[in-house]
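Residue numbers (my numbering), protein chains in the order written: chain A, 1 to 295; chain B, 1 to 295; chain C, 1 to 228; chain D, 1 to 228. Every residue, glycine too, gets a C-beta built ideally from N, C-alpha and C. Computed from a predicted model, the values in this text were never measured in an experiment. Report on the following structure.
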Amino acid sequence: MFKNFGYFIREAGTSLSRNRLLSIATISTIAICIFILGVALLLTLNANRFIDQLESDLEIMVFVDQELDEDETADLGDLLESTPGVQSVEFIPRDKALEGLEDKFRSEKYTLRDTVGKDNPLPDSFSVKAEQPHEVVKIAQEIEKMPGVYKVNYGKEMVERLFSVTKLVRIISMVLILLLAFAAVFLIATTIRLAVFSRRKEIYLMKLVGATDWFIRWPFFLEGIILGLVGSLIAIGLLVLAYGSLLQNIQNAIFFIPLIEDSKMLTGVYLSLLGTGAVLGVAGTWFSLNRFLDV
Amino acid sequence: MFKNFGYFIREAGTSLSRNRLLSIATISTIAICIFILGVALLLTLNANRFIDQLESDLEIMVFVDQELDEDETADLGDLLESTPGVQSVEFIPRDKALEGLEDKFRSEKYTLRDTVGKDNPLPDSFSVKAEQPHEVVKIAQEIEKMPGVYKVNYGKEMVERLFSVTKLVRIISMVLILLLAFAAVFLIATTIRLAVFSRRKEIYLMKLVGATDWFIRWPFFLEGIILGLVGSLIAIGLLVLAYGSLLQNIQNAIFFIPLIEDSKMLTGVYLSLLGTGAVLGVAGTWFSLNRFLDV
Amino acid sequence: MIVQFYNVSKTYPNGVKALNDVSFKLDQGEFVFLMGPSGAGKSTVIKLMLREEIPTRGQIFIESRSVVRMQKKEIPFFRRSMGVVFQDFKLLENKTVSENIAFAMRVVGAGNQEIRQRVPQVIKMVGLDGKNDRFPSQLSGGEQQRVGIARAIVNRPLILIADEPTGNLDIDTSMGIMELLYDINRAGTTVIMATHARELVKDSYKRVITLDQGRIISDNEAAIGDAI
Amino acid sequence: MIVQFYNVSKTYPNGVKALNDVSFKLDQGEFVFLMGPSGAGKSTVIKLMLREEIPTRGQIFIESRSVVRMQKKEIPFFRRSMGVVFQDFKLLENKTVSENIAFAMRVVGAGNQEIRQRVPQVIKMVGLDGKNDRFPSQLSGGEQQRVGIARAIVNRPLILIADEPTGNLDIDTSMGIMELLYDINRAGTTVIMATHARELVKDSYKRVITLDQGRIISDNEAAIGDAI
Ligand SMILES: Nc1ncnc2c1ncn2[C@@H]1O[C@H](COP(=O)(O)OP(=O)(O)OP(=O)(O)O)[C@@H](O)[C@H]1O
Ligand SMILES: Nc1ncnc2c1ncn2[C@@H]1O[C@H](COP(=O)(O)OP(=O)(O)OP(=O)(O)O)[C@@H](O)[C@H]1O
Ligand SMILES: [Mg+2]
Ligand SMILES: [Mg+2]
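So, in structure tokens, the structure goes:
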């Protein structure tokens with residue numbers, strides 16, 4: 001192997017350029033598959049980020065029994081804060097709550113407050129956020145049992161719908177990524193197999209002249225790596241460009257969807273795509289070759 | 001052509017079975033590409049259906065000036081109904097509105113109504129739906145200017161966000177479908193090109209023996225059609241199975257997402273996938289062949 | 001005159017001068033040997049006749065048609081007037097012996113009936129009886145060569161071109177093939193045969209065109225002693 | 001004894017009996033012609049020696065190793081002791097003349113230095129000077145054949161097997177090749193040559209094994225008149 005390494009490299013190089021159609025076909029197949037895989041990955045990551053945010057916006061409204069005095073209310077706040085799974089607790093005095101309700105009906109002509117007078121019918125409340133959005137229901141049920149809690153409201157139906165939608169989105173995106181990954185593996189393997197197939201006589205002949213399997217394999221492998229790397233680099237280049245322009249153009253328009261800008265994470269995505277390309281290039285070659293090496 | 005038709009068919013058949021590796025490679029590439037395209041299509045159609053529904057759920061709350069009497073209120077209702085672009089108008093008496101509000105704060109201990117007494121602070125209102133969800137803003141602005149309207153509420157910010165999300169989803173799904181369609185065309189073309197490439201000597205030789213281009217093309221075309229049809233039929237079979245089990249299993253769990261069951265529409269999708277497969281099979285063959293026919 | 005080469009030169013794209021100012025004429029019904037050392041240009045002459053290659057200079061007429069100026073769509077029909085035995089056989093690897101021969105008949109539009117009749121005939125002529133359903137890879141070198149011969153003669157072409165048709169055949173089989181070619185020639189077909197086999201040429205008293213380094217160095221009807 | 005065939009029979013998967021109970025022995029340094037009509041089984045003998053095919057019955061020993069029982073991983077090393085000229089050349093189409101020959105040297109682990117020296121040597125020996133950088137498709141039939149010969153001899157193999165090495169060569173070039181083979185044989189290499197060319201065998205007074213329909217019908221050191 002090491003003795004011949006220089007030869008293997010040169011061999012891979014000339015073979016790549018002499019079998020140009022095969023090289024181009026393999027590179028473009030790899031590039032397209034990796035590109036689509038990358039698009040799907042970025043899409044999924046961003047969608048997940050978005051639904052994470054939707055979920056983490058969920059809050060439990062805890063209305064306080066109007067019979068509680070200020071100290072007791074504060075105690076309830078402490079109790080809420082110390083409940084396991086609770087991330088944050090915000091106190092909303094009844095006046096604030098009325099103001100919020102008013103907003104909905106505000107007009108220049110008169111205010112809800114005027115109608116209600118000093119007799120604000122709303123109770124004090126706490127807005128509670130869970131560490132794990134999925135624990136909202138469980139936590140709400142726990143809180144309901146606490147003394148001094150008049151009522152708990154967490155938009156049961158809405159939350160359930162949201163969770164079933166986000167669950168669906170997560171499942172679908174997982175399935176899609178798996179499906180695309182499987183398809184990419186298969187399509188790349190098929191292309192390489194066809195490329196190797198059209199060189200089967202060459203392989204047969206090398207065996208007849210006394211070449212060992214590994215002597216034949218090495219240049220093919222190097223070709224596989226090179227094709228895999230070049231293909232996925234092209235795909236990654238396109239991804240970087242496309243995602244970059246997306247970040248620039250869409251970010252402002254739809255500010256509330258937080259596109260992933262974290263360059264560490266993106267780099268991770270890109271590197272794993274690159275690795276996938278190279279591995280597929282080699283693995284595809286390995287399996288395709290073995291079939292024709294048995295002479 | 002017609003004289004030789006039987007021969008061309010037999011020829012295509014034997015060639016398919018003798019070049020088994022090439023046939024299998026082409027069929028599975030077509031099947032995978034068409035399958036993924038189909039998954040993406042169904043997903044997009046359902047997503048669009050879902051966001052259509054989200055959008056059509058939008059309503060404009062029109063609060064009536066408390067100074068209006070019953071007749072005047074009814075007139076306003078008529079006016080709203082006759083406004084162009086309005087689909088439906090529903091009258092919500094102030095008592096109902098209070099009940100709705102009460103729900104939010106209901107507990108066994110006491111009711112909002114008790115607190116407020118007879119003095120319900122809420123106005124009568126109309127719930128207005130637009131024919132075209134995208135006209136909600138325009139219609140709301142028009143309604144705002146009508147006499148007797150105390151306030152119009154359509155969740156401005158929420159609606160705008162919803163529209164930008166749905167617009168984004170629509171654009172992304174369009175782009176994805178186009179991308180996948182392009183990739184499918186390219187990958188299938190590449191596979192066929194490789195398959196034809198490994199038979200280039202055969203083609204060369206046929207030309208040397210005096211075969212016309214069309215005499216060589218016909219069996220290849222028939223092969224292309226057969227491979228395209230078989231490949232896409234496999235894909236469609238898988239899609240039917242997968243989508244069918246999805247309908248059965250998920251429909252109930254997530255009842256509020258209306259999966260498309262319209263068999264006419266589904267048939268349309270499947271038929272167009274079948275057509276795509278056959279066309280790609282032939283077109284791919286056409287372009288790949290021409291390169292080697294020039295002898 | 002059925003074949004005419006006028007001052008034909010052929011330089012391959014890589015600069016190799018394969019033919020240099022070659023001129024000759026063949027009459028209908030002639031039998032001509034093309035001889036000369038390896039690399040002399042024999043196969044190039046044949047490739048030019050088939051329009052597999054185009055001459056760099058000069059003109060070639062076959063049946064009074066200019067091979068050089070011929071339109072693309074005429075080429076297949078033009079090629080059908082010739083039956084060719086290629087030096088490297090050029091058999092369709094995915095077709096059996098019968099199918100290889102039948103293919104040449106289908107190309108010229110022969111009917112199924114005719115094909116079923118004629119194919120076994122020529123297979124018998126070249127001594128491949130019973131090997132109809134073999135693929136080329138299942139034949140010996142000489143058997144493959146004879147499939148090529150059968151394919152070349154099956155359509156009873158106007159011109160039969162054979163490039164080293166006995167290179168892989170023993171002397172007895174070769175003699176048999178020569179008899180076949182003579183028969184075909186007697187029936188009116190013009191035959192051009194490139195060969196190295198002196199013993200086949202020697203006693204034939206046919207015309208011999210000798211090439212060397214792309215030039216014709218002799219062209220006479222002579223016993224082999226004079227020709228080489 | 002370097003090559004031994006013991007009652008070897010070979011039936012191809014499609015049922016064709018190519019060899020039938022063939023036995024012979026070759027001593028180190030012998031020169032043997034393998035003759036017989038087309039389809040007699042000559043190439044099959046060679047394929048069996050190379051372990052390209054496995055005998056249906058019988059045993060083959062080369063350098064006292066059983067070819068049949070050999071392990072898979074030994075095969076490449078075993079093949080390197082032989083240099084083979086294939087009837088259909090089997091050149092690497094994507095490699096130039098030099099590269100084709102150099103490949104055979106790389107396979108046995110030759111260094112760059114050695115390759116640079118030896119390749120032009122053998123190219124010259126077979127008379128292909130100046131064609132080093134041509135691809136096989138840019139060579140005449142006889143030139144391709146000589147590349148095959150050059151590749152077979154480049155490693156100075158223990159056994160040289162040549163299947164019809166002069167089928168596409170004119171008599172002068174053939175004589176040259178024969179001289180080359182005799183030289184190699186004199187240097188100690190065992191040479192087995194399948195051929196139809198009677199005139200090459202005639203005056204050699206070498207051993208001739210004649211096959212017919214898969215059987216050895218004669219095995220003697222004789223002038224051609226007796227052998228065929
Ligand atoms: N495609 C090609 N490109 C470049 N050179 C070529 C090509 N084909 C043939 N040649 C060269 O042209 C010359 C004549 O070749 P040609 O095949 O006509 O010889 P030939 O007389 O048929 O020889 P042989 O008896 O060995 O078959 C040779 O030197 C050969 O190397
Ligand atoms: N792969 C194969 N499958 C089936 N039959 C085969 C195969 N290879 C050769 N044969 C048959 O075996 C017999 C011997 O073939 P072989 O190639 O050994 O002949 P040969 O003596 O080399 O002939 P030639 O001089 O024509 O090359 C022939 O009848 C041939 O048809
Ligand atoms: Mg030639
Ligand atoms: Mg043979």
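#1: Between which two residues does the beta strand (DSSP E) containing isoleucine 159 of chain D stretch?
#2: Would the region 207-220 of chain C and the region 167-180 of chain D be scored as touching if the rule is three or more Cβ pairs under 8 angstroms?
#3: From the beta carbon of leucine 183 of chain A, is the nearest beta carbon of chain B less than 7 angstroms away?
#4: What number of angstroms, rounded off, separates the C-alpha of isoleucine 62 of chain C from the C-alpha of glutamine 4 of chain C?
#5: Output, in chain order, the set of chain D residues within a Cβ distance shorter than 7 angstroms of leucine 169 of chain C.
#6: Got a sec: does ligand 2 put a non-hydrogen atom nearer than 6 angstroms to the Cβ of lysine 42 of chain D?
#7: When every heavy atom of ligand 4 is checked, does at least one fall within less than 6 angstroms of the C-beta of glutamine 87 of chain D?
#8: Quick one, which of B:Arg161, B:Asn120, B:Ala140 and B:Phe220 has its alpha-carbon nearest serine 314 of chain B's?
#9: Which chain B residues are close to alanine 25 of chain A, counting only those with a beta carbon under 7 angstroms from its beta carbon?
#10: Am I right that arginine 199 of chain A and alanine 25 of chain B are in contact with their C-beta atoms under 8 angstroms? What's the rounded C-beta distance?
#11: Along the chain, where does the alpha helix (DSSP H) that runs through threonine 11 of chain D open and close?
#12: For ligand 3, I want to know if serine 140 of chain D counts as a neighbour, meaning its beta carbon is within less than 6 angstroms of at least one of the ligand's heavy atoms.
#13: For aspartate 172 of chain D and histidine 196 of chain C, I'd like the C-alpha separation in whole angstroms.
#14: Got a sec? Which residues, its chain only, sit under 7 angstroms from leucine 91 of chain D by beta carbon, not counting five neighbours each side?
#15: Could you tell me the distance, in whole angstroms, from the CA atom of leucine 247 of chain B to the CA atom of glutamate 261 of chain B?
#16: Measuring only from the beta carbon, is glycine 39 of chain D closer than 6 angstroms to any heavy atom that is part of ligand 2?
#17: Could you run through the region 272-289 of chain B and flag, in chain order, every residue whose CB is less than 9 angstroms away from some CB of chain A?
#18: Counting only Cβ-Cβ distances shorter than 9 angstroms, please list the residues of the region 90-111 of chain D near chain A, keeping chain order.
#19: Do threonine 267 of chain A and phenylalanine 297 of chain A count as a contact pair if the criterion is CB distance below 7 angstroms?
#20: Flag isoleucine 225 of chain A as yes if its beta-carbon sits less than 7 angstroms from any beta-carbon of chain B, otherwise no.
#21: Pick helix, strand or coil for leucine 289 of chain B, following the three-state DSSP scheme.
#22: For a cutoff of 7 angstroms on Cβ pairs, would you count leucine 205 of chain B as touching chain C?
#23: Can you find a CB in chain B that lies within less than 7 angstroms of the CB of serine 173 of chain A?
#24: Please classify glutamine 66 of chain A: does DSSP put it in a helix, a strand, or coil?
#25: For the region 106-117 of chain D against the region 198-213 of chain A, are there 3 or more C-beta pairs whose distance is under 8 angstroms?
#26: Can you tell me whether DSSP reads glutamate 240 of chain D as helix, strand or coil?
#27: Suppose you measure from the CA of leucine 98 of chain B to the CA of methionine 174 of chain A; what does that come to, to the nearest Å?
#28: What does a CB cutoff of less than 7 angstroms around phenylalanine 91 of chain A pick up in its chain, not counting 5 residues either side in sequence?
#29: Mark aspartate 133 of chain D as exposed unless 16 or more other C-beta atoms lie within 10 angstroms of its C-beta, in which case mark it buried.
#30: Around the Cβ of serine 174 of chain C, are there at least 16 other Cβ atoms within 10 angstroms (buried) or fewer (exposed)?
#31: Can we count asparagine 132 of chain D as close to ligand 2, meaning its CB is less than 6 angstroms from some heavy atom?
#32: Taking the alpha-carbon positions, what's the proline 37 of chain C to proline 165 of chain D distance?
#33: Name the chain D residues that come within less than 8 angstroms of aspartate 203 of chain C, Cβ to Cβ?
#34: Below 8 angstroms, can you find three or more Cβ-Cβ pairs linking the region 151-163 of chain C to the region 184-192 of chain C?
#35: So for asparagine 20 of chain D, helix, strand or coil by DSSP?
#36: Using C-beta distances below 6 angstroms, list every residue in its chain close to glutamate 144 of chain B, excluding the 5 sequence neighbours before and after it, in chain order.
Checking against the coordinates, here is how it stands:
#1: 159-163
#2: no
#3: One detail in the question is off: residue 183 of chain A reads as alanine in this sequence, not leucine. True, the Cβ-Cβ gap to chain B drops below 7 angstroms.
#4: 6 angstroms
#5: Ser38 and His196
#6: yes
#7: yes
#8: An answer regarding residue 314 of chain B cannot be provided, because it is not within the stretch 1 to 295 covered by chain B.
#9: Thr190, Arg193 and Leu194
#10: Between alanine 25 of chain B and arginine 199 of chain A the Cβ distance is about 15 angstroms, and since that is not below 8 angstroms, they are no contact.
#11: Looking at the DSSP string, threonine 11 of chain D is not in any alpha helix (DSSP H); the run it does join, the beta strand (DSSP E), is 3-11.
#12: yes
#13: 10 angstroms
#14: Asn100, Pro136, Gln144, Val147 and Gly148
#15: 8 angstroms
#16: yes
#17: none
#18: Lys90, Leu91, Leu92, Glu93, Asn94, Lys95, Glu99, Phe103, Ala104, Arg106, Val107, Val108, Gly109 and Gly111
#19: As displayed, chain A neither begins before 1 nor continues past 295, which places residue 297 of chain A out of reach and without an answer.
#20: no
#21: helix
#22: yes
#23: no
#24: coil
#25: yes
#26: Absent from the structure is residue 240 of chain D, since the part of chain D shown begins at 1 and ends at 228.
#27: 45 angstroms
#28: Gly77 and Phe126
#29: exposed
#30: buried
#31: no
#32: 15 angstroms
#33: Under the 8 angstroms cutoff, chain D gives no residues; its nearest Cβ is about 14 angstroms from aspartate 203 of chain C.
#34: yes
#35: strand
#36: Val152
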